[in-house]
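Shown next, in structure tokens, is the structure this report addresses.
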Amino acid sequence: MEASESPRKEQEAFETNVESDNNEKFSSDPKDEGVTFTLKFFLFVACIGSSMFGMDQALLSSVELFAVPDLNLSPHDWSWISSAATLGAAGGALIAIPSNALVGRKIVLLISSAFYIAGVIMATASQNFGLFFAGRLIMGIGMGIEAMTIPIYISEVVPKSHRGAHLNIFNSLYNVGVFAGDIVDAIFVNVHPGSWRYMVGAGFIGPAIQFVCVFFFPESPRMLLKWGRSDAAQKSWRKYRRPTLISNREYEEMVQQLDEELALKRSTVGVLKEILFNPSVRATFILGALLSFAQQWNGATALGYYEPSIFTDLGLTRIQAVYTTLPIGFWMLVWTLPPYLLFDRYGRRPIMMATFPIFIIGLIISGTSILSSNLKGKAAGFFIGLAFYYIGYEQGISPLAWAINGEMYELHVRNYGMSWGAFMLLGSAFASTYTFSRQKAAMTLSGTFGLYAGLSCLFWLSLFLVMPETGGCTLEMIKRRFEGGVSGIMKKNLQEAKLFWHGVFHGKGILESLRLSEDCDENMLENDSYKDEGMNE
Numbered sequence: 001m002e003a004s005e006s007p008r009k010e011q012e013a014f015e016t017n018v019e020s021d022n023n024e025k026f027s028s029d030p031k032d033e034g035v036t037f038t039l040k041f042f043l044f045v046a047c048i049g050s051s052m053f054g055m056d057q058a059l060l061s062s063v064e065l066f067a068v069p070d071l072n073l074s075p076h077d078w079s080w081i082s083s084a085a086t087l088g089a090a091g092g093a094l095i096a097i098p099s100n101a102l103v104g105r106k107i108v109l110l111i112s113s114a115f116y117i118a119g120v121i122m123a124t125a126s127q128n129f130g131l132f133f134a135g136r137l138i139m140g141i142g143m144g145i146e147a148m149t150i151p152i153y154i155s156e157v158v159p160k161s162h163r164g165a166h167l168n169i170f171n172s173l174y175n176v177g178v179f180a181g182d183i184v185d186a187i188f189v190n191v192h193p194g195s196w197r198y199m200v201g202a203g204f205i206g207p208a209i210q211f212v213c214v215f216f217f218p219e220s221p222r223m224l225l226k227w228g229r230s231d232a233a234q235k236s237w238r239k240y241r242r243p244t245l246i247s248n249r250e251y252e253e254m255v256q257q258l259d260e261e262l263a264l265k266r267s268t269v270g271v272l273k274e275i276l277f278n279p280s281v282r283a284t285f286i287l288g289a290l291l292s293f294a295q296q297w298n299g300a301t302a303l304g305y306y307e308p309s310i311f312t313d314l315g316l317t318r319i320q321a322v323y324t325t326l327p328i329g330f331w332m333l334v335w336t337l338p339p340y341l342l343f344d345r346y347g348r349r350p351i352m353m354a355t356f357p358i359f360i361i362g363l364i365i366s367g368t369s370i371l372s373s374n375l376k377g378k379a380a381g382f383f384i385g386l387a388f389y390y391i392g393y394e395q396g397i398s399p400l401a402w403a404i405n406g407e408m409y410e411l412h413v414r415n416y417g418m419s420w421g422a423f424m425l426l427g428s429a430f431a432s433t434y435t436f437s438r439q440k441a442a443m444t445l446s447g448t449f450g451l452y453a454g455l456s457c458l459f460w461l462s463l464f465l466v467m468p469e470t471g472g473c474t475l476e477m478i479k480r481r482f483e484g485g486v487s488g489i490m491k492k493n494l495q496e497a498k499l500f501w502h503g504v505f506h507g508k509g510i511l512e513s514l515r516l517s518e519d520c521d522e523n524m525l526e527n528d529s530y531k532d533e534g535m536n537e
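Quick note on numbering: the UniProt record's numbering labels position 69 of the sequence shown as 69, and the sequence is numbered without any gaps.
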């Protein structure tokens with residue numbers, strides 16, 4: 001009982017102390033969000049941490065061209081090395097949530113940085129496959145823990161008005177890391193001997209900076225509240241946020257939400273039963289897995305880890321292949337920016353449905369161009385296809401898989417849901433990367449692109465059927481959208497599509513037809529008839 005009462009008591013103490021605080025002036029400006037220098041510095045460090053995943057992918061893709069002959073590695077060996085980080089990250093994502101609950105955000109970030117640093121040192125110094133693989137695996141564990149911890153920590157301290165932007169922030173920072181890694185590769189590509197060791201070793205800088213800086217940040221105020229440490233939670237909040245109308249209100253909302261979580265807290269067995277037997281909860285977990293598969297089984301991570309070697313297959317030299325990754329990395333980064341505007345304006349579902357065909361067309365163009373006997377035509381067609389691929393991928397499934405997995409789970413299963421989504425996504429990244437060289441050997445590179453295009457068509461159809469709109473919705477609204485279970489969602493989506501195309505064919509235009517289908521969506525939420533059918537699935 002004491003644990004459930006502590007947040008409310010903390011709120012009262014907090015409000016009293018704000019009034020009597022002589023060290024800080026209270027701001028009554030209704031627009032002042034109370035952002036402090038500590039919060040800005042924390043966000044800068046968090047950006048470094050979030051970009052390390054993408055940087056690793058870019059660094060290792062060029063390392064392959066030099067480390068494989070240097071260490072006498074077989075294609076099978078390299079399959080394990082290239083995929084080891086995602087394998088470790090999948091495991092790290094699973095242990096991140098319980099680790100955070102046990103020791104808090106700050107200690108977990110220190111541990112993840114230490115894992116990352118140790119792994120980079122081992123991989124850089126490796127003289128054989130075993131040490132290289134072990135280093136990559138350990139580094140991946142740190143990456144997975146960090147990927148789960150940083151977004152949660154950020155959401156607990158930033159102003160509420162900025163939290164929506166963080167739906168796309170991981171995707172953007174990931175690609176910042178990719179571009180930074182491409183630059184590092186270009187810098188060291190002509191350094192001999194051991195150019196690949198400098199590339200791998202460059203991955204040490206980010207986690208080292210993060211490890212040192214995290215010591216200067218307080219523990220998350222939300223975690224301190226959960227532990228009943230009222231005074232420490234107060235001090236932590238004030239380091240991140242000055243006393244203002246907005247910051248005080250958001251602190252109160254945090255306390256209220258924590259009260260709700262404690263009231264809804266259930267045993268692990270109880271939660272698992274609900275996941276398996278409650279249609280609406282089960283539907284969110286099914287969609288979470290489907291989004292994860294769709295994000296990875298179009299070849300995104302696998303292509304990222306093997307890009308330079310693919311370019312050498314197209315006729316480029318090793319040096320040319322490394323330099324070619326620079327404009328591609330920049331192109332990827334550019335197309336992470338439109339979603340900041342598109343998601344809130346048009347919603348998650350329309351963007352998802354519109355971008356899938358773009359990257360599927362890109363896969364088809366790249367795959368078929370490889371069959372050309374003209375070397376210049378082959379390369380030109382491949383890069384044109386790749387350009388289309390990243391336009392669609394970076395605006396659609398790439399950020400949306402993370403965003404929707406972060407917002408659709410009900411409060412009492414959210415930790416389980418986010419761990420599930422991250423594990424499925426990173427596990428899929430491991431599987432697709434590990435099997436890429438085997439796919440290429442069995443089906444040729446062109447056939448592999450055809451496989452990804454075919455799978456993406458299946459995922460497109462599946463998401464069309466079972467993915468509801470979650471953008472601009474409160475937690476209660478999202479819960480209602482899943483209440484019919486999978487069959488209820490399918491019925492609603494098919495009716496929306498029917499109204500949309502009816503409007504288009506009758507000259508109402510795409511935007512007007514989209515509005516009509518959205519009106520249908522809201523009306524069906526008020527009409528529970530479709531839910532009742534789904535509850536019996």
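C-beta: ideal position from N, C-alpha, C; glycine also.
Inset, instruction - Give the secondary structure of Asn22 by DSSP, where H, G and I count as helix, E and B as strand, and everything else as coil. - result: In the sequence shown, residue 22 corresponds to position 22, counting from 1. Confidence at Asn22 is low in this model, with a pLDDT of 42, below 50, so the placement of that residue is unreliable and no value is reported for it.
Legend entry - Cβ-based burial, Asp21 [other Cβ within 10 Å; buried from 16]: For the purposes of this step, residue 21 is identified with residue 21 of the sequence shown, where counting begins at 1. Only weak support exists for where Asp21 lies, its pLDDT of 48 falling under 50; the coordinates are left without a value.
Legend entry - Contained alpha helix (DSSP H) runs [length at least 4] in the stretch 225-259, N- to C-terminal order: 230-240
Legend entry - Whole alpha helix (DSSP H) elements within the stretch 267-310, 4-residue minimum: 268-277, 279-296
Legend entry - Buried versus exposed call for Glu469 [16 or more other C-beta atoms within 10 Å across all chains shown]: Locating residue 469 in the sequence shown gives position 469, where the first residue counts as 1. By the neighbour-count rule (16 or more Cβ atoms within 10 Å), Glu469 is buried.
Legend entry - Proximal residues to Ile275 (C-beta, below 8 Å), its chain only, five neighbours per side dropped: In the sequence shown, counting from the first residue as 1, residue 275 sits at position 275. Val281, Arg282, Phe285, Val413, Tyr416.
Inset, instruction - Determine the extent of the alpha helix (DSSP H) in which Ile154 is found, giving its start and end residues. - result: Walking along the sequence shown from the start, residue 154 turns up at place 154. 129-157 is the extent of the alpha helix (DSSP H) around Ile154.
Legend entry - CA nearest to the CA of Gly421, picked from Ser446, Gly377, Gly385, Ala294: For the purposes of this step, residue 421 is taken as the residue at position 421 of the sequence shown. With distances taken between Cα atoms, Gly421 lies closest to Ala294.
Legend entry - Contact check, Ser51 vs Val176, beta carbons under 9 Å: To locate residue 51, count along the sequence shown from 1; it is residue 51. To locate residue 176, count along the sequence shown from 1; it is residue 176. Contact: yes.
Legend entry - C-alpha gap between Ser112 and Ser172, whole angstroms: Within the sequence shown, the letter at position 112 stands for residue 112. Within the sequence shown, the letter at position 172 stands for residue 172. If I take the Cα positions, the gap works out to 21 Å.
Inset, instruction - Pick helix, strand or coil for Val35, following the three-state DSSP scheme. - result: Here residue 35 refers to the residue found at position 35 when the sequence shown is read from its first residue. In the three-state reduction of the DSSP assignment, Val35 falls in the strand class.
Legend entry - Residue span of the alpha helix (DSSP H) that contains Leu190, given as start and end: Position 190 of the sequence shown, counted from the first residue, corresponds to residue 190. The question names Leu, yet the displayed sequence has Asn at residue 190. Premise fails: Asn190 is in no alpha helix (DSSP H) and is neither H nor E.
Inset, instruction - Can you tell me which of the three DSSP states Ile370 falls into? - result: The residue labelled residue 370 in the question sits at position 370 within the sequence shown. Of the three classes helix, strand and coil, the one that applies to Ile370 here is coil, per DSSP.
Legend entry - At least 3 beta-carbon pairs within less than 8 Å: the stretch 70-82 vs the stretch 201-210: no
Legend entry - Rounded Cβ spacing between Phe388 and Trp460 (contact assumed at less than 8 Å): In the sequence shown, residue 388 corresponds to position 388, counting from 1. In the sequence shown, residue 460 corresponds to position 460, counting from 1. That pair is no contact at about 15 Å.
Legend entry - Residue closest to Met352, alpha-carbon to alpha-carbon, out of Lys440, Val466, Met443, Thr433: What you label residue 352 is simply residue 352 of the sequence shown in a count that begins at 1. That would be Val466, whose Cα lies nearest to the Cα of Met352.
Legend entry - CB of Ala429 within 9 Å of CB of Ala89, strictly: By one-based count along the sequence shown, residue 429 stands at place 429. By one-based count along the sequence shown, residue 89 stands at place 89. It is a contact, given that the beta carbons lie within the stated cut-off.
Inset, instruction - For my contact list, Ala93 and Ala147 are in at a C-beta cut-off of 8 Å; report their separation, rounded to the angstrom. - result: Counting from one through the sequence shown, the residue named residue 93 turns up at place 93. Counting from one through the sequence shown, the residue named residue 147 turns up at place 147. Distance from Ala93 to Ala147 at the Cβ level is roughly 7 Å; contact confirmed, criterion being Cβ atoms closer than 8 Å.
Inset, instruction - Give every residue of the same chain whose Cβ lies closer than 6 Å to the Cβ of Gly34, excluding the five residues on either side of it in the sequence, and list them in chain order. - result: Numbered from its first residue, the sequence shown carries residue 34 at position 34. Result list for Gly34: Arg241, Arg242, Thr244, Ser247, in chain order.
Inset, instruction - In angstroms with no decimal places, state the Cα-to-Cα distance between Phe500 and Leu494. - result: Within the sequence shown, residue 500 is the residue found at index 500, counting from 1. Within the sequence shown, residue 494 is the residue found at index 494, counting from 1. About 10 Å.
Inset, instruction - Count the other C-beta atoms from every protein chain shown that fall within 10 angstroms of the C-beta of Gly472, then say buried if there are 16 or more, exposed otherwise. - result: Within the sequence shown, numbered from 1, the residue matching residue 472 stands at position 472. Exposed, because fewer than 16 other Cβ atoms sit within 10 Å of the Cβ of Gly472.
Inset, instruction - Tell me whether Cys473 sits in a helix, a strand or coil according to DSSP, three-state version. - result: Numbered from 1 along the sequence shown, position 473 holds the residue referred to as residue 473. Three-state result, Cys473: coil.
Inset, instruction - Note down the Cα distance separating Ala180 from Phe37, rounded to an integer number of angstroms. - result: Along the sequence shown, read from residue 1 onward, the residue named residue 180 stands at position 180. Along the sequence shown, read from residue 1 onward, the residue named residue 37 stands at position 37. Roughly 26 Å between the two C-alpha positions.
Legend entry - Endpoints, the alpha helix (DSSP H) within which Trp196 is located: Numbered from its first residue, the sequence shown carries residue 196 at position 196. Its alpha helix (DSSP H) spans residues 195-201.
Inset, instruction - Work out the CA separation of Pro193 and Leu400 for me, nearest whole Å. - result: Position 400 of the sequence shown, counted from the start, is the residue given in the question as residue 400. Position 193 of the sequence shown, counted from the start, is the residue given in the question as residue 193. Their backbone Cα atoms lie some 42 Å apart in a straight line.
Inset, instruction - Could you have a look at Asn72 and say whether DSSP puts it in helix, strand or coil? - result: By one-based count along the sequence shown, residue 72 stands at place 72. Asn72 falls in the coil class under three-state DSSP.
Legend entry - Classification of Thr317 by the beta-carbon crowding that lies within 10 angstroms, buried from 16 upward: As a working mapping, residue 317 is identified with position 317 in the sequence shown. It is exposed - the Cβ of Thr317 has fewer than 16 other Cβ atoms within 10 Å.
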